[in-house]
Amino acid sequence: GAVVSQHPSWVICKSGTSVKIECRSLDFQATTMFWYRQFPKQSLMLMATSNEGSKATYEQGVEKDKFLINHASLTLSTLTVTSAHPEDSSFYICSALGPGSGRYEKLFFGSGTQLSVL
Amino acid sequence: AQSVSQHNHHVILSEAASLELGCNYSYGGTVNLFWYVQYPGQHLQLLLKHFSGDPLVKGIKGFEAEFIKSKFSFNLRKPSVQWSDTAEYFCAVNANRGSTLGRLYFGRGTQLTVWP
C-alpha cells in the first residue's frame with residue numbers, strides 16, 4: 001500500500017532553535033497534505049492543510065509565522081517549527097491525500113515526529 | 119467548530135470479550151465518520167468509514183460501527199476481541215463538503231489492551 005514517510009521520528013532541540021520535519025509520499029503524488037499535532041492524552045488537532053505550489057491554509061489559532069509549511073513538490077511537504085519553545089513540544093503527524101481524492105482509502109498517515117524542546 | 123468525544127480513554131479486556139467504544143460528535147450538518155486504528159509502532163490506518171446509506175458499517179478485522187444520527191454517535195463494536203486488537207483507536211469526523219476533504223477532526227483516542 002501507499003506509504004508516507006515522516007522524518008525525523010523524534011527530535012530534541014534547545015529553546016529558540018528551529019526544527020524542520022519532512023513528510024514524503026513514497027509511491028504516489030500528493031497534491032494535498034495535512035499536518036496534525038497531538039499533546040499527551042489529547043486529540044490529534046489539525047494544524048494546517050498544505051497544497052502543492054500554494055500557500056498553506058492554517059486552522060484557527062495556529063500561528064503561520066511559527067509553523068512554516070512548504071509544499072514545494074508533489075511528494076514532499078515540510079513543517080518548520082521556528083524559534084521553538086518548550087510549549088511546542090508535541091507529537092506532529094502528517095497525512096497525504098493520494099490521487100483521485102474523494103476516497104478516504106487514499107488518505108495515508110506518516111508515523112509521526114515527537115518534538116521535545118528543552 | 120466540530121468536536122469529537124471518545125468516552126473511554128483506556129479499555130482493558132480479556133480475549134473473546136465484546137467491545138464497544140463510544141464516539142460522539144458535535145456538528146449539525148452532514149458528516150463523514152471514521153474510525154482509525156494505530157497498532158504499536160505503526161501508522162494510523164483506516165478501520166472503517168461511513169459516508170451515507172446503511173448506518174451499520176463493517177470494517178476490517180471484524181469491526182463494525184453504527185451511525186445513530188439522532189444521538190450524534192458512531193460507536194465502534196467487535197463481538198469478540200483478540201490479543202492482536204491491542205491498539206489505540208481514534209474516531210474522526212469530516213464535514214461532508216468537498217472543500218474540506220481530508221480535514222479530519224479526531225477524538226482523543228481510546229487505548230485498548232486485550233489480555234490473552
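Chains as they are written, first to last, in this note's numbering: chain A, 1 to 118; chain B, 119 to 234. Glycine included, each C-beta is placed from N, C-alpha and C at the ideal position. Note that the structure is predicted; figures quoted are calculated from it, not measured.
- Item | Coarse secondary structure for serine 123 of chain B, derived from DSSP in three states | Serine 123 of chain B falls in the strand class under three-state DSSP.
- Query: Helix, strand or coil for serine 101 of chain A per DSSP?
  - Reply: Its pLDDT being 49, under 50, serine 101 of chain A is placed unreliably in this model, and the value from its coordinates should be taken loosely. Per DSSP, reduced to three states, the secondary structure at serine 101 of chain A is coil, with no helix or strand assignment.
- Query: Out of curiosity, what's the CA-to-CA distance linking valine 81 of chain A and serine 18 of chain A?
  - Reply: One C-alpha to the other measures close to 5 Å.
- Message: With H, G and I counted as helix, E and B as strand and the rest as coil, what does DSSP make of glutamate 87 of chain A?
- Response: DSSP places glutamate 87 of chain A in helix when its eight states are reduced to three.
- Query: Tell me, which residues are paired with isoleucine 178 of chain B by DSSP?
  - Reply: Paired residues: none, contrary to the question.
- Task: Thinking tyrosine 207 of chain B and threonine 228 of chain B are a contact (beta carbons under 8 Å), I'd like their distance in whole angstroms, please.
- Result: Contact check for tyrosine 207 of chain B and threonine 228 of chain B: beta-carbon distance about 5 Å, within the 8 Å limit, so the pair qualifies.
- Message: What would DSSP say about serine 144 of chain B, mapped onto helix, strand or coil?
- Response: DSSP places serine 144 of chain B within a strand segment (E or B) once states are collapsed to three.
- So, helix, strand or coil for lysine 187 of chain B, using DSSP? Here lysine 187 of chain B sits in helix by DSSP.
- Query: Just to confirm, are alanine 183 of chain B and leucine 194 of chain B a CB contact at a threshold of 8 Å?
  - Reply: Taking a C-beta distance under 8 Å as the contact criterion, alanine 183 of chain B and leucine 194 of chain B qualify as a contact pair.
- Interface residues of chain A facing valine 175 of chain B [CB-CB closer than 8 Å]: Per Cβ cutoff of 8 Å: no residues; valine 175 of chain B is ~12 Å from chain A at best.
- Message: Any beta carbon from chain B within less than 8 Å of glutamine 42 of chain A's own beta carbon?
- Response: At least one chain B Cβ lies under 8 Å of glutamine 42 of chain A.
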